[in-house]
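Asks: My structure is below; once you've seen it, I'll send some questions.
In our numbering, the protein residues as written are 304 to 892.
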């Protein structure tokens, strides 16, 4: 935590014992496991059991709160904390905030940070909920400044936690309108909220990186002779970097912050050139360095290690400083120095050196990582939110409804990912083809996807003309059209004022044509054939969190080909995408 404060480019350290013949799984040494929350032990204490029995018997909640305060007063800190939180929420719901505050104070919570609590064996989440409840009551009593100071301190302490202890307390920061960030913003502490949001995002990256270490590195055998390597999270808006290697029977990984790392590098190693150098991603989006200066005079990629970044020199900066023949060598010199300092090679193009099978293997590995993350994340979220409800962390029906709604959302997200994987595993042949009306299949897809598009603010235009029947599987065609509508929804342009989708059905001689067009982010021309391959997806800004795993369009292609049809991707509206499906009619008109 201290290093994170003094080195903005550093986020976390991971240390693990590598697998051997006796233990093939490996295990983490640092960060240590989450502090054990002995929830069952707490609920088994007589004072807690007695209070729960009173609640089941519909005893007045104020009386139950009083019994908790009296009965648990001599228990250990963990039980006292649990009882005090429960009592405080009951009293507050009964309109007694002052008494609720007093109920918290008798728990005698020690001072110190959440990290200090973890060292004492006290679950940081319990302490965080206690202090959050205390601040809420102060707000209710009109002691706004003191409450906001407490929330600010609590939020900063949450973002300092190591990943294993971080997941549950982080919920308090992001809890909708009642989350710490929103409370600060709503009460005139916008600067504190903005600073805390950046730290929250940094903390979230620690959670994702820890999952990456468990999924990708913990069971990997040692390779002491190999140079240190990088893992980059390419699916987040602000990706993390993992720099890892082996030392004897230990594995070591450093999690670094990309933007801070590059900025520090320009400031310390490239001081003489930093006003001329611009670092961008592969889409040309600024990452670090000079923001202005016109077009680039020259640029080159960081290959291998940070291949998603480019280093370049802008014309204006170059023209302002180049006065002699020697200075005219600044462009190649800067690029060479940058790449040499980071241990990179400029010209090597990985795509030209790898074979098709190697690329497919990499895509499959990336898919496995993504889908594992996508399946684990909703499960973890559902469990945490359910535990929050169980311990009574949220008071009032509004908060409980919000938490229930989020649990349903996470469950829907999990189901969608499972359905996606199962759809790919299914054989898309049609063993018993039957004649069906394509218009009916499309209308069924609209019934499923129309409300989702409307909820997301996307306008759907339908232009369906009567056609001949098709021989095949109407449900499969419905799924294919649904995948295309889902694709348009995922890749809508956030800067587009009126996102729209156009769905057409018409017949041209012996061919029935189905078209789904949008004005979204579109598909780059070189990718318009490759996207129908399994595990291939278009990377770039605004695509990471919303996009899938490169499975949907492959599924569509297989369904179309099972109907003896074709599919292609062409230019859509305003740079969007247009998918055209052509299927043979059962009979000509």
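Where is the CB? At the ideal position from N, CA and C, for every residue including glycine.
#1: Quick one: what does DSSP say residue 634 is sitting in, helix, strand or coil?
#2: Taking 8 Å as the cut-off, decide whether the C-beta atoms of residue 795 and residue 765 are in contact.
#3: Considering only residues of the stretch 461-534, which uninterrupted alpha helix (DSSP H) runs meet the minimum length of 4 residues and lie entirely inside it, listed in chain order?
#4: List the whole-angstrom C-beta distance separating residue 396 from residue 364, where the pair is believed to meet the contact cut-off of C-beta under 8 Å.
#5: So residue 436 and residue 394 are supposed to be a Cβ contact under 8 Å. How far apart are they, rounded?
#6: What separation, rounded to the nearest whole angstrom, lies between the Cα atoms of residue 352 and residue 319?
#7: Using a 10 Å radius around the Cβ and a threshold of 16 neighbouring Cβ atoms, would you call residue 805 buried or exposed?
#8: On the DSSP letters alone, give me the boundaries of the alpha helix (DSSP H) that residue 582 sits inside.
#9: In the structure shown, what three-state DSSP assignment does residue 860 receive?
#10: So what's residue 821 in DSSP terms, helix, strand or just coil?
#11: Leaving out five residues before and five after residue 866 in sequence, what residues of the same chain have Cβ atoms less than 6 Å from its Cβ?
#12: Under 8 Å between the Cβ atoms of residue 862 and residue 835?
#13: Here's the rule I'm using: 16 or more other beta-carbon atoms within 10 Å means buried, otherwise exposed. How should residue 433 be labelled?
#14: If you drop the 5 nearest sequence neighbours on each side, which residues of the same chain put their C-beta closer than 8 Å to that of residue 346?
#15: Can you tell me whether residue 878 is helix, strand or coil according to DSSP?
#16: Within 10 Å of its beta-carbon, does residue 333 have 16 or more other beta-carbons around it, so buried, or fewer, so exposed?
#17: Tell me the DSSP secondary structure of residue 702 in three-state form.
#18: So what does DSSP say about residue 384, is it helix, strand or coil?
#19: Can you tell which of 342, 833, 444, 740 has the C-alpha that lies nearest to the C-alpha of residue 429?
#20: Distance, Cα to Cα, residue 763 vs residue 855?
#21: Is the CB-CB distance between residue 449 and residue 457 below 8 Å?
#22: Do you know how far the Cα of residue 840 is from the Cα of residue 831?
#23: So if DSSP puts residue 433 in a beta bridge, which residue, or which two residues, is it bridged to?
#24: In the DSSP assignment, the alpha helix (DSSP H) including residue 357 goes from what residue to what residue?
#25: From the DSSP output, in three-state form, read off residue 403 for me.
#26: Just reading off the alpha helix (DSSP H) that residue 741 is part of, what are its end residues?
#27: Leaving out the 5 sequence neighbours to the left and right, which residues in its chain are closer than 6 Å to residue 502 when beta-carbon positions are compared?
#28: Is the separation between the beta-carbon of residue 742 and that of residue 767 shorter than 8 Å?
#29: My understanding is that residue 427 touches residue 338, with C-beta atoms under 8 Å, so please give their C-beta distance in whole angstroms.
#30: Take every Cβ of the stretch 304-317, pair it with every Cβ of the stretch 545-565, and state whether three or more of those distances are shorter than 8 Å.
#31: Tell me whether residue 364 sits in a helix, a strand or coil according to DSSP, three-state version.
#32: Bridge partners for residue 559 per DSSP, in chain order?
#33: Pop quiz: residue 492 and residue 459 are said to be a contact at Cβ under 8 Å. What is the actual Cβ separation, rounded to whole angstroms?
#34: How many Å lie between residue 708 and residue 569 at the Cα?
#35: By Cβ distance below 6 Å, which residues in the same chain neighbour residue 513 in space, the five residues on each side in sequence not counted?
#36: Alpha carbon to alpha carbon, what distance is there between residue 800 and residue 531?
Replies: This is what the structure gives:
#1: For residue 634, the pLDDT reaches just 46, beneath the cut-off of 50, and the residue's location in the model is therefore unreliable, although a value from the coordinates is still provided. Here residue 634 sits in helix by DSSP.
#2: no
#3: 466-476, 483-489, 493-515
#4: 7 Å
#5: Rounded to the nearest angstrom, the Cβ distance from residue 436 to residue 394 is 11 Å, too far for a contact under 8 Å.
#6: 41 Å
#7: buried
#8: Run containing residue 582: none in the alpha helix (DSSP H); it sits in the beta strand (DSSP E), 580-584.
#9: helix
#10: It is a strand residue.
#11: 775, 886
#12: With contacts defined by Cβ atoms closer than 8 Å, residue 862 and residue 835 do not form a contacting pair.
#13: buried
#14: 352, 355
#15: Note: residue 878 maps to helix in three-state DSSP.
#16: In this structure residue 333 is exposed. Its beta-carbon is surrounded by fewer than 16 other beta-carbon atoms within 10 angstroms.
#17: Looking at residue 702 - three-state DSSP - the assignment turns out to be helix.
#18: helix
#19: 342
#20: 20 Å
#21: no
#22: 10 Å
#23: None; residue 433 has no bridge partner.
#24: Here the alpha helix (DSSP H) through residue 357 covers 349-359.
#25: helix
#26: 741-758
#27: 462
#28: yes
#29: 6 Å
#30: yes
#31: helix
#32: 313, 544
#33: Between residue 459 and residue 492 the Cβ distance is about 12 Å, and since that is not below 8 Å, they are no contact.
#34: 46 Å
#35: 466
#36: 45 Å
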